[in-house]
Every structure is written in C-alpha cells, then in structure tokens.
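Chemist:
Residue numbers (our numbering): 286 to 425.
In structure tokens form, the structure reads like this:
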C-alpha cells in the first residue's frame, strides 16, 4: 500500500514523471498505472520514473529548472520521511547515490538538499570520500 501512496504523491508533485511511467508499464496515455497488487516496485518507480528521465536531465541542464528540482527533492524528502527500511533504502540507492553518477548532478543538487535527506547525502560523500566533499556537504 505504501508504494501506491508514493506513486500517487509522485504523480501529483512531479507530473512530468507520468509519460515515463506510462512507457515503463506499457500503458496508453491516461491509462491507470499499476498498483502494488501487481508489478509495482518503489525502486523501479524512483529510478525509471523520476531519476533517469526527469531528475538527472534537470540536474544536467545548463539552466536548471529550479521549480522542477525543488519539487523533485521535496518529493524525495517526503518519501524518506516514511521512515521504513523500504523507503529509506529505495531513496538512498536509487536517488541519492545517483547524484554521484556525474559531478554536475551533485553540484547542481546541493542547493536543493535540505531537510531529512541532507545528512544522508553528507554522510555518503564522507564515506565514499568524494573529491571536494571529504567533509560532507557545505553548511547551508
């Protein structure tokens, strides 16, 4: 049930994800997305619905869409706040670690890393000894 709630919230907060989810699940425009009773995975939703098609391109854009990035990271904070092993693991492995895929992703994400996701990112940077961020994120 939690995955259904998260999917609904993602579509509400970041409607730009809908076309990618429709493609992933081979649905026609406006067709209902699957529910957790079927083949719905939070890991897949985050990676193939949010990170790869929406978040990473927005972070790589020369002039980032601040509203889109704010909504994406706001949604990520909400999911992380569910405070379950599933939600925190999915956010960490699919979203936060994806910031390390390209230097520009991390650099452009920093202004939007707030709330309950800031410390896990800071810890990740220290743990992986990311060049320039060995002490974690800079203070706000």
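Using N, Cα and C, we set each Cβ at its ideal position, and we do this for glycine too. Being a predicted model, the structure only gives us computed values, none of them experimental.
(1) Please check the pair residue 376 and residue 331, which I expect to be a contact at CB under 8 Å, by giving their CB distance rounded to whole angstroms.
(2) Please classify residue 378: is it buried, with 16 or more other beta-carbons within 10 angstroms of its beta-carbon, or exposed?
(3) Please report the residue range of the alpha helix (DSSP H) in which residue 364 lies.
(4) Considering only the alpha carbon of each residue, which of 420, 297 and 358 lies closest to residue 393?
(5) Quick check: the region 356 to 375 against the region 412 to 425, are there 3 or more CB pairs under 8 Å?
Modeler: Judging by the given coordinates:
(1) Indeed they touch by this definition, with Cβ atoms about 7 Å apart.
(2) It is exposed - the Cβ of residue 378 has fewer than 16 other Cβ atoms within 10 Å.
(3) Counted as a single uninterrupted DSSP element, the alpha helix (DSSP H) harbouring residue 364 occupies residues 351 to 366.
(4) For the residues 420, 297 and 358, the minimum Cα distance to residue 393 belongs to 358.
(5) No: the two stretches stay apart, fewer than three of their Cβ pairs being nearer than 8 Å.
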